[in-house]
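The structure under discussion appears below in the form of structure tokens.
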Amino acid sequence: MDCVSARSLFDAHLDGELSGSLAAEFATHKLQCPACRRELALLEVTGQVLAADTEVPKLDAEFTDRLIACVASSAPRRWRRRNLAWLVGGPLAAAACLTFALRLSPDSAPAVNSGGMRETHVLGGVERMDSAQEMLEQIEQVRRVHPDNAELAAFERALRERVAQIANGTAQSADLLENYGKLTIMEILESMKVDQPKAGATAAPDAATSGDAHDPPVEDL
Amino acid sequence: MNGQMAKLSLSEHASPRNHGEEQELIRRAKRRDASALRELIDLHKERLFAFVWRMVRNHHDAEEICQEAFLKAFSALDSFDPAYRFSTWLFTIAYRVTLNVLRRKKGAAGDIDLRIFADAGPGAEDQAVISEEARLLKSAVWSAVDRLSPPQRAAVLLFYQQEQSCQDIAEVLEIPVATVKSHLHRARLRLRDLLANTFAEDSSADRILGDLAG
């Protein structure tokens, strides 16, 4: 086996697909050829370094909680109505969902028309308005049960202001839509000087649901 | 967000259940059972985040992409066929979202998280020397991987880090198996060229390579 043939088998060898007499010939050439041996080592060590390196930044501890809250905020209305108790922690996370949905969804990416004015995609804008309105409705429902919750009251005020700004369909509001999309939930809370509620907010004592506030009962949809 | 680097062993976090158990989990999740949804998230979030973070090199973006992927998966859960693996489907969605983000960012050079090049811990002198060489090698390899095209990078990450077969990678990237092999082949050539230049200038890394070559 010459070097050209051997190097044509590098991928098969690295993929673990060489066997039989071909594998034996390849191994023999590798033993006899320092250049091929070195080149193969370069590829092998690359794979070994990649496979061995498992260091990644730590995922946020509240990732799952936030995600579950997002799922709940987008659930059908009749399912949400039976689960008021755990929505105390949900709206803030739901606002975060709205935030990153605005950032990541291509539908919300502003386009520049010939006049140089930015405009939001109508479909994305309508969807996001619906999401914001639904969040406000959830907050209103929870506030009937917890009328003295200052955090919710402050957040409702801030959200209503944003919704009003988004609803005014002008170039200014298009910029505000994009800007709102860039705000994280932490920035909103910081501006309101409110501490973020801890994960696992307690359920209301007279909640319609029973059991863990994070695990509403299953309902067939 | 925290700045901690977690040592994530692919074999230590929750291993995927057998297929029958996963099918039952999916059935419960389709009924919007929150505990089932939570279990699905916890089963897959670490691996998914590791893959996405390596692709975009930004903690905040990676977390948002993962959330988006889960939300999209859950919103389309009714159409998911439990005969297939949920993880493959989830990774496919995440990959699509990742590509959208990368296209919008148009080059992630400014967002590369330099924490991956953190120094090795203190130790004996010999150990420190070996760690420095290993650090250089790791730095060179990842620097080269980051310069691959997104499809090549994804193929490399899924093959070496996620230990996926070429068939699985083909499903995630929604391309033929032959194209996956082509991506791996081209990626290896590119990595070889990039690393060869690095090792030509770095005698310590070159020594490691010489030792490995035998």
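Protein chains in written order, with the working numbering: chain A, 1 to 221; chain B, 1001 to 1214. For each residue, glycine too, the CB sits at the ideal point set by N, CA and C.
What first and last residue would you give for the alpha helix (DSSP H) that runs through P147 of chain A?
Careful: P147 of chain A lies outside any alpha helix (DSSP H) and carries neither H nor E.
Is L1090 of chain B close to chain A? Criterion is C-beta to C-beta, closer than 8 Å.
Not closer than 8 Å to any Cβ of chain A, the Cβ of L1090 of chain B fails to qualify, so no.
Any beta carbon from chain A within less than 8 Å of H1185 of chain B's own beta carbon?
So yes, H1185 of chain B belongs to the interface.
Please classify A61 of chain A as buried or exposed, where buried requires at least 16 other C-beta atoms within 10 Å of its C-beta.
By the neighbour-count criterion, in which 16 or more other beta carbons inside 10 Å mark a residue as buried, A61 of chain A falls on the exposed side.
Rounded C-beta distance between L1184 of chain B and V1156 of chain B? I'm assuming under 8 Å.
7 Å between Cβ atoms; contact.
Three CB pairs or more closer than 8 Å across the segment 3-12 of chain A and the segment 24-42 of chain A
Three or more Cβ pairs closer than 8 Å define a contact, and the segment 3-12 of chain A meets that threshold against the segment 24-42 of chain A.
Is the Cβ of D2 of chain A closer than 8 Å to any Cβ of chain B?
Answer no: the Cβ-Cβ gap between D2 of chain A and chain B never drops below 8 Å.
Could you pull the start and end residues of the alpha helix (DSSP H) that E1068 of chain B belongs to?
That run of the alpha helix (DSSP H) goes 1059-1075.
What separation, rounded to the nearest whole angstrom, lies between the Cα atoms of D1042 of chain B and C1066 of chain B?
Straight-line Cα distance between these residues: approximately 12 Å.
Member of A:V145, A:F155, A:P147, A:D148 whose CA lies at the smallest distance from the CA of M135 of chain A
It is A:F155 whose Cα lies nearest to the Cα of M135 of chain A.
With C-beta atoms as the reference, is H1059 of chain B less than 8 Å away from P57 of chain A?
Going by C-beta atoms, H1059 of chain B is nearer than 8 Å to P57 of chain A.
Note down, in chain order, each residue of its chain lying with its Cβ closer than 7 Å to the Cβ of A1154 of chain B, except the 5 sequence neighbours on either side.
Only M1055, Y1095, L1173 meet the Cβ criterion.
Distance check for F1049 of chain B and D15 of chain A, CA to CA, integer angstroms please.
Computed Cα separation, rounded: 25 Å.
So, at 7 Å on beta carbons, what are the nonlocal neighbours of C36 of chain A in its own chain, with the 5 sequence-adjacent residues on each side left out?
Only C3, A6, R7, H29, K30 meet the Cβ criterion.
On the CB-based measure, 16 or more other CB atoms within 10 Å of its CB, does L42 of chain A come out buried or exposed?
Under this definition L42 of chain A is a buried residue.
For E1039 of chain B, tell me which candidate among A:V49, A:F63, A:G20, A:L18 has the shortest Cα-Cα distance.
Checked all of A:V49, A:F63, A:G20, A:L18; the closest Cα to E1039 of chain B is A:F63.
Short CB-CB distance (under 8 Å) between R82 of chain A and chain B
Caution is warranted here: a pLDDT of 36 is assigned to R82 of chain A, below 50, making its placement in the model unreliable, and the coordinate value is therefore given only provisionally. Cβ-Cβ to chain B under 8 Å: no for R82 of chain A.
Under 9 Å (Cβ pairs) to chain A, residues found in the segment 1151-1164 of chain B:
Cβ contacts with chain A come from V1156, L1157, F1159, Y1160, Q1161, E1163.
For L1189 of chain B, which of B:S1131, B:A1029, B:V1141, B:I1175 has the nearest alpha-carbon?
For the residues B:S1131, B:A1029, B:V1141, B:I1175, the minimum Cα distance to L1189 of chain B belongs to B:V1141.
Using beta carbons (cut-off 8 Å, strictly below), is A1093 of chain B in contact with chain A?
One detail in the question is off: residue 1093 of chain B reads as Ile in this sequence, not Ala. Answer no: the Cβ-Cβ gap between I1093 of chain B and chain A never drops below 8 Å.
Specify, as a first and last residue, the run of the alpha helix (DSSP H) that P57 of chain A falls within.
Where P57 of chain A is concerned, there is no enclosing alpha helix (DSSP H), although the beta strand (DSSP E) it sits in stretches over 55-57.
Which residues of the segment 1065-1080 of chain B have a Cβ closer than 8 Å to any Cβ of chain A? Give them in chain order.
Taking 8 Å as the Cβ-Cβ cut-off against chain A, the residues of the segment 1065-1080 of chain B that qualify are I1065, C1066, Q1067, E1068, F1070, L1071, F1074, S1075.
Alpha carbons only, please: which of A:R143, A:L18, A:M1, A:E44 is nearest the one belonging to L1195 of chain B?
Comparing Cα-Cα distances from L1195 of chain B to each of A:R143, A:L18, A:M1, A:E44, the minimum goes to A:E44.
Thinking C-alpha only, which one of A:F10, A:R160, A:V71, A:A51 is nearest L1037 of chain B?
When A:F10, A:R160, A:V71, A:A51 are compared, the shortest CA-CA separation from L1037 of chain B is found for A:V71.
Compare the C-beta of H146 of chain A with all C-beta atoms of chain B and state if any pair is closer than 8 Å.
Residue contact with chain B for H146 of chain A: absent (no Cβ-Cβ distance below 8 Å to any residue of chain B).
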